[in-house]
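**Q**
There are 2 protein chains.
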Amino acid sequence: MAGKTPAGSARSDAVRNRRLLLDAAAEAFAEGGVEVSIGEIAQRAGVGKGTVFRHFVSKDELLAAIMLGMLDELIDTASGLTTADDPGAALKGFLTAGVQIFVRDRAFCEVIGRPSLQHAEVRAAIDRLCDVAEQLTARARDRGLVRPGITGTDVALLMAGVQQTAAPLLAAEPQAWRRYLDLVFDGITASTGRELPYPPPSHLSLA
Amino acid sequence: MAGKTPAGSARSDAVRNRRLLLDAAAEAFAEGGVEVSIGEIAQRAGVGKGTVFRHFVSKDELLAAIMLGMLDELIDTASGLTTADDPGAALKGFLTAGVQIFVRDRAFCEVIGRPSLQHAEVRAAIDRLCDVAEQLTARARDRGLVRPGITGTDVALLMAGVQQTAAPLLAAEPQAWRRYLDLVFDGITASTGRELPYPPPSHLSLA
DNA sequence: CGATAAACGGACCGCTTGGTCAGGTTTGAT
DNA sequence: ATCAAACCTGACCAAGCGGTCCGTTTATCG
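Protein chains in written order, with numbering that gives the first Met the number 0: chain C, 0 to 206; chain V, 0 to 206.
1) To the nearest angstrom, how far is it from the Cα of C/Ala188 to the Cα of C/Pro114?
2) Residues in its own chain within less than 7 Å of C/Leu19 by CB, not counting five upstream and five downstream?
3) So C/Thr191 contacts chain V; which residues on that side make the cut at Cβ distance below 9 Å?
4) Cutting at 8 Å between CB atoms, please list the residues of its own chain near V/Ala27, excluding the five before and the five after it.
5) Using beta carbons (cut-off 8 Å, strictly below), is C/Gly92 in contact with chain V?
6) Against C/Thr136, what residues of chain V qualify as contacts under a CB-to-CB distance less than 8 Å, listed in chain order?
7) Using only CA atoms, which one of C/Leu67, C/Leu94, C/Ile149 and C/Arg140 lies nearest to C/Arg177?
8) Please specify which runs of the alpha helix (DSSP H), each continuous and at least 4 residues long, are wholly inside the region 92 to 163 of chain C, giving them in chain order.
9) Examine chain V for any beta-carbon lying closer than 8 Å to the beta-carbon of C/Gln99, and answer yes or no.
10) Rounded to whole angstroms, how far is the Cβ of C/Ile100 from the Cβ of C/Met69, which I believe are closer than 8 Å?
11) Check the Cβ of V/Pro200 against every Cβ in chain C and list those closer than 9 Å, keeping chain order.
12) Does V/Ile111 get closer than 8 Å to chain C when you measure Cβ to Cβ?
13) With 8 Å as the threshold, decide whether the Cβ of C/Gly160 is near any Cβ in chain V.
14) Check the Cβ-Cβ distances between V/Asp126 and every residue of chain C, and say whether any is below 8 Å.
15) With a threshold of 6 Å on Cβ separation, who are the neighbours of V/Ala132 within its own chain once the five nearest residues in sequence on each side are excluded?
16) Could you give the C-beta distance for C/Arg146 and C/Pro86, rounded to a whole number, given that I count them as a contact under 8 Å?
17) On the CB-based measure, 16 or more other CB atoms within 10 Å of its CB, does C/Gly49 come out buried or exposed?
18) Can you find a CB in chain C that lies within less than 8 Å of the CB of V/Asp181?
19) Please report the residue range of the alpha helix (DSSP H) in which C/Thr76 lies.
20) On the premise that C/Ala171 lies in contact with C/Arg103, defined as a C-beta separation below 8 Å, what is that separation, rounded to the nearest angstrom?
21) When you compare only the Cα positions, how much space is there between V/Glu60 and V/Asp12?
22) Which residues in the same chain as C/Thr191 place their Cβ atom closer than 6 Å to its Cβ, once the five residues preceding and following it in sequence are excluded?
23) Assign V/Ala1 to buried or exposed, taking buried as 16 or more other Cβ atoms, counted over all protein chains shown, within 10 Å of its Cβ.
24) Of the residues V/Ala25, V/Leu182, V/Glu194 and V/Arg193, which one's Cα is nearest the Cα of C/Leu195?
25) Since V/Pro196 meets chain C, which of its residues come closer than 8 Å, beta carbon to beta carbon?
26) Check for me: the alpha helix (DSSP H) holding V/Ala13 runs from which residue to which?
27) Should C/Asp141 go down as buried or exposed, given a rule of 16 or more other Cβ atoms within 10 Å for buried?
28) Around the C-beta of C/Asp22, are 16 or more other C-beta atoms found within 10 angstroms, so that it is buried, or is it exposed?
29) Skipping 5 residues on each side, what residues in its chain have a beta carbon closer than 7 Å to that of C/Cys108?
30) Find out if the Cβ-Cβ distance for the pair C/Arg14, C/Leu116 is shorter than 8 Å.
31) The alpha helix (DSSP H) with V/Asp181 in it runs from where to where?
32) Check C/Arg53 in the structure and name its three-state DSSP category.
33) Do you know whose CA, among C/Pro198, C/Phe52, C/Ala106 and C/Thr81, lies nearest V/Pro173's CA?
34) Assign V/Asp84 to buried or exposed, taking buried as 16 or more other Cβ atoms, counted over all protein chains shown, within 10 Å of its Cβ.
35) Compute the Euclidean distance between the alpha carbons of C/Leu144 and V/Arg53, then round it to the nearest angstrom.
36) According to DSSP, is C/Ala170 part of a helix, a strand, or is it coil?
Right under this line is the structure:
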């Protein structure tokens, strides 16, 4: 998918370097956002710059590979929660897990927030995430735990919002996102009779 | 402050170009974020690249001048609202005005979201904004219109959050931010008895 | 209408970036 | 031990960046 070499059918040093590269890139992107240079990633991995391009045809492809991994992880977590006993707690657990990813990873924020940066596979993964988010949301909605009209896409989008709210505080108050997560969750679960004035986004308009 | 020439005591073509430059830069930064090149700004303004640096000692200074202008505008709007009849509507009006700025201006989002990008004067303006936000919030809080514990800084931070929530939809649904603004506002005004689990940010930790 | 100082333009500089490539090194099957 | 194929490296390239500089244009004033 994202790399050049199909799978394990490669030389041992190649698979080792690929791992080092993915780990180093994940860390670098998380700290510095999408703008970290290939040179820095190579250095962190302890390999030459050329090696990066042997494993990933371009910087975008490397970035996509890492974003995809994180999205898939979150999707797995969410899938596991779809059968939890308490749908409300499950939904909140999902939100918490998602926000934590955003908080830890600058590149993730940037990629999700700007559709123009998104690789096709990343877009597909986001769709999958919205799907499972909708499952979680629907279960909670059916029991009256979230107000009517809230969709899975809403929930997914709000993760990024919570992160951004706390972003300016990140250095001074690394846990401040918890405050805003609760506040937003209260907004989702509020029983104000009132409808939200603007309709929910259609599931596909993310692309 | 932000420019080199103090005020109107300059040649007519200079003041005209300064205006053109500020307008072009505001537009360019709004559309493209802080990374738009000086070259493009100069081109939009119809002047040479050298002229940019005659008026602004560096790109950062130009950016700061524009951010400062927008912040001051918002602060003025907020000040006007502090004496409005309905404190709840005033607070919501403030939030709306703020979010609209964020939605329209990519550079504004980027600068506010990352303290490391902030010029000293911009930081000071943000402090002023938090102050007036606190006035608005306090008035609403005193009448029980917002839940206890919500501060002006919370409100200011949430603007960026609402914008980010709607950001992926911006192209397809330019007004989607209204949905999330209402949702967040419901979170602010919810009467859940419950305390938020994480304390409010101290006013200064923004810096 | 000169004259002069201010302002302008754009070639230019040093630096960084994503990406390439020739040539040396490792691996692993034989 | 041998050797070809796979792999790695870092010098290299073109493009784009912020910022400088100086020959030229232009506003202003006596």
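A virtual CB, placed ideally from N, CA and C, is assigned to each residue, including glycine.
This one's a predicted model, so the numbers in the text were calculated from it and none came from an experiment.
**A** A quick look at the data gives this:
1) Going by the sequence as given, residue 188 of chain C is Thr instead of Ala. Going by the C-alpha atoms only, they are around 28 Å apart.
2) Answer for C/Leu19: Ala44, Gly45 and Val46, listed in chain order.
3) Within 9 Å Cβ-Cβ: Asp185, Thr188 and Ala189.
4) Leaving aside the five residues that flank V/Ala27 on each side, the residues in its chain whose CB is nearer than 8 Å to its CB run, in chain order, Val35, Glu39, Ile40 and Arg43.
5) C/Gly92 does not count as touching chain V.
6) In chain order: nothing, as chain V lies at least about 13 Å away.
7) Closest option to C/Arg177, Cα to Cα, is C/Leu94.
8) Counting whole runs of 4 or more residues, the region 92 to 163 of chain C contains the alpha helix (DSSP H) stretches 105 to 112 and 119 to 141.
9) Output row for C/Gln99: interface = no.
10) By a beta-carbon distance limit of 8 Å, C/Ile100 contacts C/Met69. Their separation comes to about 6 Å.
11) Correct list: Ala165, Pro167, Leu168, Ala171, Glu172, Ala175 and Arg178.
12) At least one chain C Cβ lies under 8 Å of V/Ile111.
13) Yes - at least one Cβ of chain V is within 8 Å of the one on C/Gly160.
14) Not an interface residue.
15) Counting only Cβ-Cβ distances below 6 Å, and skipping sequence neighbours, we find Gly151, Val154 and Ala155.
16) Not really, about 14 Å apart at Cβ, beyond 8 Å.
17) Classification for C/Gly49: exposed.
18) For V/Asp181, the answer is yes, since a Cβ of chain C falls inside 8 Å of its Cβ.
19) Here the alpha helix (DSSP H) through C/Thr76 covers Lys58 to Leu80.
20) Not quite, the Cβ-Cβ distance comes to about 17 Å (not below 8 Å), so this is no contact.
21) Rounded to whole angstroms, V/Glu60 to V/Asp12 spans 21 Å at the Cα level.
22) Cβ neighbours of C/Thr191 beyond the five flanking positions: none.
23) Any reading at V/Ala1 must be qualified, since the residue scores a pLDDT of 44, below 50, and its modelled position is unreliable; the value itself is stated next. Buried is the call here.
24) Nearest of V/Ala25, V/Leu182, V/Glu194 and V/Arg193 to C/Leu195, Cα basis: V/Leu182.
25) Residues of chain C with a Cβ closer than 8 Å to the Cβ of V/Pro196 are, in chain order, Arg177, Arg178 and Asp181.
26) Bounds of the alpha helix (DSSP H) holding V/Ala13 are Ser11 to Gly31.
27) With fewer than 16 Cβ atoms within 10 Å of its Cβ, C/Asp141 is classed as exposed.
28) Residue burial is scored here from C-beta neighbours: C/Asp22 has fewer than 16 other C-beta atoms within 10 angstroms and is therefore classed as exposed.
29) Only Phe101, Ala159 and Gln162 meet the Cβ criterion.
30) Looking at the sequence itself, residue 14 of chain C is Val, so the reference to Arg does not match. The answer is no: Cβ separation not under 8 Å.
31) Where V/Asp181 is concerned, the enclosing alpha helix (DSSP H) stretches over Trp176 to Thr188.
32) C/Arg53 falls in the helix class under three-state DSSP.
33) Per the Cα distances, C/Pro198.
34) V/Asp84 comes out exposed.
35) Rounded to whole angstroms, C/Leu144 to V/Arg53 spans 60 Å at the Cα level.
36) In the three-state DSSP reduction, C/Ala170 falls in the coil class, being neither helix nor strand.
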